[in-house]
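Structure first, then comments.
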Amino acid sequence: MRTPIETEVFGNPNYPAIFLVPGWAMPKEVFHEVAKLLSESFYVVLANLPGVSVDPNWHKANRFGPNYDIDALAEQLIRAAPKPCWWIGWSLGGMVANYIAARRSSCVKGVISVASAPKFVASSDWPMGMAQETYTQFFDLVKQYPEKGLRRFLSLQTQGAQDPKALTKTLAGLQPKELIDPEALIRGLALLETLDVRREIALLDLPNLHVFGVNDALVAEAKVVQAMPSNPLQTIVSLPNMAHQPFLEAPSQFVALVTQYINDNTFL
Numbered sequence: 009m010r011t012p013i014e015t016e017v018f019g020n021p022n023y024p025a026i027f028l029v030p031g032w033a034m035p036k037e038v039f040h041e042v043a044k045l046l047s048e049s050f051y052v053v054l055a056n057l058p059g060v061s062v063d064p065n066w067h068k069a070n071r072f073g074p075n076y077d078i079d080a081l082a083e084q085l086i087r088a089a090p091k092p093c094w095w096i097g098w099s100l101g102g103m104v105a106n107y108i109a110a111r112r113s114s115c116v117k118g119v120i121s122v123a124s125a126p127k128f129v130a131s132s133d134w135p136m137g138m139a140q141e142t143y144t145q146f147f148d149l150v151k152q153y154p155e156k157g158l159r160r161f162l163s164l165q166t167q168g169a170q171d172p173k174a175l176t177k178t179l180a181g182l183q184p185k186e187l188i189d190p191e192a193l194i195r196g197l198a199l200l201e202t203l204d205v206r207r208e209i210a211l212l213d214l215p216n217l218h219v220f221g222v223n224d225a226l227v228a229e230a231k232v233v234q235a236m237p238s239n240p241l242q243t244i245v246s247l248p249n250m251a252h253q254p255f256l257e258a259p260s261q262f263v264a265l266v267t268q269y270i271n272d273n274t275f276l
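Taking the working numbering, I'd label the letters of the sequence shown as residues 9 to 276.
Here's what the structure looks like:
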């Protein structure tokens with residue numbers, strides 16, 4: 009069975025629509041600040057990935073296990089998104105958004121990925137990803153100690169930020185530990201390990217912006233940008249002094265960048 013996607017909306021539904029998809033293990037609340045800013049000009053819908061929620065009632069009401077098969081996940085998100093709309097995805101969410109934009113472009117006006125490599129885990133033809141051995145060790149940690157694994161991930165993704173301690177505290181405070189779904193963490197990691205959207209990015213035939221933080225400890229910005237598959241409608245922006253979550257590190261700057269890009273690529 010498919011897990012319902014939990015959503016939250018901001019702004020006027022008559023405005024142009026944006027659909028925001030978070031990264032692994034992170035609830036939609038991570039986007040609250042930028043969603044409020046974006047809602048001045050856009051209708052903003054936030055989505056949770058399957059099994060991730062800060063709402064105890066949602067956990068109780070949800071009778072299905074989290075489904076992270078990429079095609080099933082794509083269909084779940086498409087059903088939850090306004091149509092058509094701009095898709096913005098962070099980290100794993102960016103990979104999924106690129107996958108959907110390439111394969112179901114009729115549902116997408118344009119796609120913006122944030123701190124999102126085309127492939128997260130390294131391979132012989134993608135050496136700039138996380139080493140397989142390192143990823144396997146982290147995966148094993150999450151399987152045995154989900155809360156500890158999540159804390160470790162939060163500390164990794166805030167490395168390179170101007171105030172990593174404050175940012176880690178903010179992220180850790182978003183997800184109550186009693187509402188962490190170990191199955192969602194494991195299935196999400198399994199998808200992150202295998203997902204490869206290099207071909208999809210090369211095939212994108214709609215406006216696509218890829219935003220990176222120069223100081224990102226999880227995505228090797230310089231190497232990834234150099235190796236990014238290209239397409240005629242692609243724009244790549246690297247933000248100095250930013251790490252893995254520029255929308256939290258500099259929300260006003262991020263919103264200005266997104267707003268300008270969407271306005272510049274909206275065709276009447």
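C-beta: ideal position from N, C-alpha, C; glycine also. Bear in mind that the values here come from a model prediction, so they are computed numbers and not experimental data.
Expected contact under 8 Å - CB spacing of residue i and residue j to nearest Å
i: PHE5; j: VAL60; result: The chain is shown from 9 up to 276; residue 5 falls before or after that span and cannot be answered.
i: GLU191; j: PRO74; result: 6 Å
i: VAL129; j: GLN140; result: 6 Å
i: PHE50; j: GLY97; result: That pair is no contact at about 16 Å.
i: ASN216; j: GLN242; result: 5 Å
i: ALA33; j: PHE161; result: 7 Å
Given residue i as reference, the closest of the options once Cα atoms are compared
i: PRO172; options: THR243, ALA198 and ASP224; result: ASP224
i: GLU41; options: ASN249, ALA230 and PHE262; result: PHE262
i: LEU256; options: PHE161, THR178 and THR142; result: THR178
i: ASP189; options: ALA174, LEU85 and LYS68; result: LYS68
i: VAL232; options: VAL219, ALA33 and LYS36; result: VAL219
i: ASN65; options: GLY157, ARG112, GLU14 and VAL104; result: GLU14
i: ILE194; options: VAL150, ARG206 and LEU203; result: VAL150
i: ARG111; options: LEU46, ASP213 and THR202; result: ASP213
Residue i classed as buried or exposed, judged by whether at least 16 other C-beta atoms fall within 10 angstroms
i: TYR269; result: buried
i: GLY181; result: exposed
i: GLU48; result: exposed
i: VAL266; result: buried
i: SER132; result: exposed
i: ALA89; result: buried
i: GLU186; result: exposed
i: MET9; result: Reliability of the predicted coordinates at MET9 is poor, the pLDDT of 40 falling under 50, and the value obtained from them is presented with this limitation in mind. Classification of MET9: exposed, given that the 10 Å Cβ count is below 16.
i: GLN234; result: exposed
i: ALA105; result: buried
Cutoff 8 Å: residue i Cβ touching any chain B Cβ
i: VAL227; result: Of the protein chains in this structure there is only one, and it is not chain B.
Under the three-state DSSP convention, the category residue i falls into
i: ASP272; result: helix
i: PHE27; result: strand
i: MET9; result: Residue placement at MET9 is poorly supported in this model, since its pLDDT is 40, which falls under 50; the coordinates still yield a value, given next. MET9 falls in the coil class under three-state DSSP.
i: GLU191; result: helix
i: ASP79; result: helix
i: TRP32; result: coil
i: LEU247; result: strand
i: GLY118; result: strand
i: VAL129; result: strand
Where the alpha helix (DSSP H) through residue i begins and ends
i: THR178; result: 172 to 180
i: TYR51; result: Not the alpha helix (DSSP H): TYR51 falls in the beta strand (DSSP E), residues 51 to 55.
i: HIS252; result: Where HIS252 is concerned, there is no enclosing alpha helix (DSSP H), given that its DSSP letter is neither H nor E.
i: GLN145; result: 140 to 152
Residue interval of the beta strand (DSSP E) (run including residue i)
i: THR166; result: Run containing THR166: none; DSSP gives neither H nor E here.
i: ASN216; result: 216 to 221
i: GLY97; result: 93 to 98
i: GLU16; result: 15 to 18
Distance cut-off 7 Å: residue i Cβ against heavy atoms of the ligand FMN
i: LEU175; result: This structure lacks the ligand FMN, and indeed carries no ligand of any kind.
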